[in-house]
Amino acid sequence: MKTTALFAAMLALNATASAAQEATLRAVTSFAEKTQFSRNFERFIDKVNADGKGVLQINYIGGPRAMPPFEVGNAVRTKVVDMANVTGAFYTNLMPEADGFKLNSKPMSEQRKNGTWEFINQLHNQKMNAQYLARQFHNVPFHIYLNKKIDKLDFTGLKIRVTPVYKDIVEALGGTAITTAPGEVYTALERGVVDGYGWPVIGIFDLGWDKVTKFRLEPAFYGAEVNVLVNLDVWKGLNDAQRKVLNDAALWLEALDQENVAGNKAELERHTRAGIQPIDFGPAESKRFLERANEVAWQSVIKRALENGPKLRTLAGN
Ligand code: 173
38 MKTTALFAAM LALNATASAA QEATLRAVTS FAEKTQFSRN FERFIDKVNA
88 DGKGVLQINY IGGPRAMPPF EVGNAVRTKV VDMANVTGAF YTNLMPEADG
138 FKLNSKPMSE QRKNGTWEFI NQLHNQKMNA QYLARQFHNV PFHIYLNKKI
188 DKLDFTGLKI RVTPVYKDIV EALGGTAITT APGEVYTALE RGVVDGYGWP
238 VIGIFDLGWD KVTKFRLEPA FYGAEVNVLV NLDVWKGLND AQRKVLNDAA
288 LWLEALDQEN VAGNKAELER HTRAGIQPID FGPAESKRFL ERANEVAWQS
338 VIKRALENGP KLRTLAGN
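Residue numbers (our numbering): 38 to 355.
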């Protein structure tokens, strides 16, 4: 009896001691280090490491050189890493609903007020064993980039590099979809394995794709989403002060999206300087494209997520 009590007291003491200690989280990103879709996460890490001195630190392991992008979601789920910067498009195998996140372009301030964040956090808790700490880039749309000129909105005969983001619309327009990680896009274009690719409006210069890109198809569509996830066991193991450092930095990170409006514009100007020409079939065709893109994507999400798909669509309001 005495030993048990002593042992319990020691355990309690130990737990208090470790809770008061500085925690260190190991983090990876699913995009190349120091490129567009890793950069704000890297700023977030710097902020956490400055604000969290003595409380919580992030040990940045790096990007795709450390871990293949399509494995990052599962690595968070299984606690191979504690935290990751990753798009839902890279973990639709674990959570088909993630394909619907690109269809919600409302600012995160609004998504946090209208229940969207809460619902998507629940999905992450249940299916990814993860806390949905932050979402970035709601206002950065995608394009299809092409190396062959087309004279109507028809991809018949074209091979286009995709992720789940673009697969349904590429196939709906008659194209052949070829899934690759971003790290394989340059070589695929250079060798003519693909005639084009999907990517957001920003970021094609990071890995030199401007050298192997001729055209940018208008209009832009959907909205990029790159999330900061924390393994749920790790999250629950943190104390209030540690979680506060992360939550405060998460809101700060989401607010950085304000910078994207100017960033998108500057990048389009850079496309022009690089000789990348827009292909634009005018307002009526653009409208048809956007409606089609929206519809095929929702149908695809709803087919795989019969209850959650329609709920996501209601929350997105489109
Ligand atoms: O094209 C991609 O690899 C992709 O799906 C994506 C998603 C978000 C941001 C950047 C790229």
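Beta carbons are placed, not taken as given, at the ideal position from N, Cα and C, and that holds for glycine. What you are looking at is a predicted structure, and each value in this text was computed from that prediction instead of being measured.
- For the 8 Å CB-CB criterion, F326 and L190 form a contact.
- Boundaries for W246: no alpha helix (DSSP H) harbours it, and the DSSP string shows neither H nor E there.
- Under DSSP, no beta-bridge partner is assigned to R325.
- The shortest CA-to-CA distance from P347 to any of A126, L140 and Y128 is the one to L140.
- Non-local beta-carbon contacts of A225 in its own chain, meaning distances under 8 Å to residues more than five positions away in sequence, involve R198, I215, T217, V231 and Y234 in chain order.
- For W236, the shortest C-beta to heavy atom distance toward ligand 1 is below 7 Å.
- Take I98, set aside five residues on each side of it, and the residues of its chain with a beta-carbon closer than 6 Å to its own are R63 and V65, in chain order.
- Taking the Cα positions, E262 is about 18 Å away from A299.
- Taken atom to atom, the span from the alpha-carbon of W289 to that of Q295 is near 11 Å.
- Boundaries of the beta strand (DSSP E) harbouring I197: K196 to V199, taken from the DSSP string.
- The C-beta of N355 has fewer than 16 other C-beta atoms within 10 Å across all chains shown, which makes the residue exposed.
- For A121, the closest of W272, G152 and A292 by C-alpha to C-alpha distance is W272.
- The C-alpha of A103 lies about 16 Å from the C-alpha of I95.
- Contact between the region 317-333 and the region 108-120 is absent, with fewer than three C-beta pairs closer than 8 Å.
- When rounded, the separation of the alpha-carbon atoms in R114 and V249 is 36 Å.
- Taking the Cβ of A261 as the reference point, at least one heavy atom of ligand 1 falls within a distance shorter than 7 Å.
- Spanning the alpha carbons of A112 and A135 requires a straight line of approximately 16 Å.
- In the assembly as shown, Q168 is a buried residue. Its beta-carbon has 16 or more other beta-carbons within 10 Å.
- Approximately 17 Å separates the beta-carbon atoms of W246 and V207; this is outside 8 Å, ruling out the contact.
- Shown here, H161 sits in a helix according to DSSP, grouped into three states.
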